[in-house]
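Asks: This is the structure I want to talk about, given as structure tokens.
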Amino acid sequence: EAQVTQNPRYLITVTGKKLTVTCSQNMNHEYMSWYRQDPGLGLRQIYYSMNVEVTDKGDVPEGYKVSRKEKRNFPLILESPSPNQTSLYFCASSLAVNTEAFFGQGTRLTVV
Amino acid sequence: AQSVTQPDIHITVSEGASLELRCNYSYGATPYLFWYVQSPGQGLQLLLKYFSGDTLVQGIKGFEAEFKRSQSSFNLRKPSVHWSDAAEYFCAVGAMEYGNKLVFGAGTILRVKS
Chain A
21 EAQVTQNPRY
31 LITVTGKKLT
41 VTCSQNMNHE
51 YMSWYRQDPG
61 LGLRQIYYSM
71 NVEVTDKGDV
81 PEGYKVSRKE
91 KRNFPLILES
101 PSPNQTSLYF
111 CASSLAVNTE
121 AFFGQGTRLT
131 VV
Chain B
371 AQSVTQPDIH
381 ITVSEGASLE
391 LRCNYSYGAT
401 PYLFWYVQSP
411 GQGLQLLLKY
421 FSGDTLVQGI
431 KGFEAEFKRS
441 QSSFNLRKPS
451 VHWSDAAEYF
461 CAVGAMEYGN
471 KLVFGAGTIL
481 RVKS
């Protein structure tokens, strides 16, 4: 089954404690991206990747890092989380930027 | 800068009534457009997309949307709403000229009353 898998689904952490949210897709997609969803703001792109070892900033990259060492995986790293990063995060993948994006189930992160 | 506006934060319709969700964009290039739906606690699912050609596109679950370049709009419609359509709907716009960035609207929450 074609899918994008994010882990964990829920996470509560403390300010400053490094964390990683994993994202994996099994569709051999070139393009992957991370979004955060906040009420009234829709989805805002954090980072995206066109292919292995190619990543670029989206609209709200501050406080986040990503890596793309393998085609299927695109982890999101918060080196020093802060409460303003409390949000719902989605990973997505697609063949290209102008084709259908497949979304993971989301990760609800709370930073206290 | 590119922007996408969904003017209605909430819409309530009766089951069986028609629906139109509005989406306006501000792009200085030829856009490609999407509508996604998000059910509570779920990820986003693509309803339909427009890249070129016929400006009236059909999607899943009986939805359709019309691209109107002169109005910079891509409104989503359904002739008869079902209770299961209650969800949040997002319009998304991108353009090759603006790199690989997809911009989402703030979303419209649809409530269906029986």
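Taken in sequence, the protein lines are chains A and B. Plus 20 on top of the position in the first sequence (first one is 1) and you've got our numbering. Plus 370 on top of the position in the second sequence (first one is 1) and you've got our numbering. Glycine included, each C-beta is placed from N, C-alpha and C at the ideal position.
Using CA atoms only, rank isn't needed, just tell me which of A/H49, A/G60 and A/A121 is closest to B/D378.
Replies: Considering only alpha carbons, the answer is A/G60.
Asks: Taking the C-alpha atoms as reference points, what is the distance between A/R64 and B/S450?
Replies: About 31 Å.
Asks: In this structure, what does DSSP give as the bridge partners for A/Y62?
Replies: Residue 62 of chain A is actually Gly in this sequence, not Tyr. Paired residues: A/D58.
Asks: Consult DSSP for B/M466 and reduce its assignment to one of helix, strand or coil.
Replies: Helix, per DSSP.
Asks: Taking only the alpha-carbon atoms, compute the straight-line gap between B/S443 and B/L403 and give it to the nearest angstrom.
Replies: Straight-line Cα distance between these residues: approximately 10 Å.
Asks: From the DSSP output, in three-state form, read off B/K448 for me.
Replies: Here B/K448 sits in strand by DSSP.
Asks: Rounding to the nearest angstrom, what Cα-Cα distance links A/A112 and A/Y51 in this structure?
Replies: Cα-Cα distance, rounded: 8 Å.
Asks: Quick one, which of B/W405, B/D455, B/T478 and B/C393 has its alpha-carbon nearest B/L417's?
Replies: Taking only the C-alpha atoms, the option nearest B/L417 is B/W405.
Asks: When you compare the CB positions of A/N27 and A/R92, do they come within less than 8 Å of one another, or not?
Replies: Cβ atoms of A/N27 and A/R92: not closer than 8 Å.
Asks: Spell out whether any CB of chain B is found under 8 Å from the CB atom of A/K50.
Replies: Note on identity: in this sequence residue 50 of chain A is Glu, with Lys being the wrong assignment. Answer no: the Cβ-Cβ gap between A/E50 and chain B never drops below 8 Å.
Asks: Could one say the Cβ of B/P416 lies closer than 8 Å to chain A's Cβ atoms, at least one of them?
Replies: Here residue 416 of chain B turns out to be Leu, not Pro, going by the sequence shown. So, interface residue.
Asks: Name the chain B residues that come within less than 8 Å of A/F94, Cβ to Cβ?
Replies: Within chain B, no residue comes near A/F94; the closest Cβ sits about 14 Å away, beyond 8 Å.
Asks: Report all residues from its chain with a CB closer than 8 Å to the CB of B/F433; omit the five preceding and five following residues, and keep chain order.
Replies: Contacts found: W405, L417, L418, L446, R447 and K448.
Asks: Within the 8 Å Cβ cut-off, does B/F444 reach chain A?
Replies: No, its Cβ sits nowhere closer than 8 Å to a Cβ of chain A.
Asks: Have a look at the DSSP bridge pairing and note the partners of A/M52.
Replies: A/M52 pairs with A/S69 and A/S113.
Asks: Short check: CB of A/S53 to CB of A/G78, under 8 Å?
Replies: Yes.
Asks: Since B/F460 and A/G62 should fall inside the 8 Å C-beta cutoff, what is the C-beta to C-beta distance between them, to a whole number of angstroms?
Replies: Between A/G62 and B/F460 the Cβ distance is about 6 Å, and since that is below 8 Å, they are a contact.
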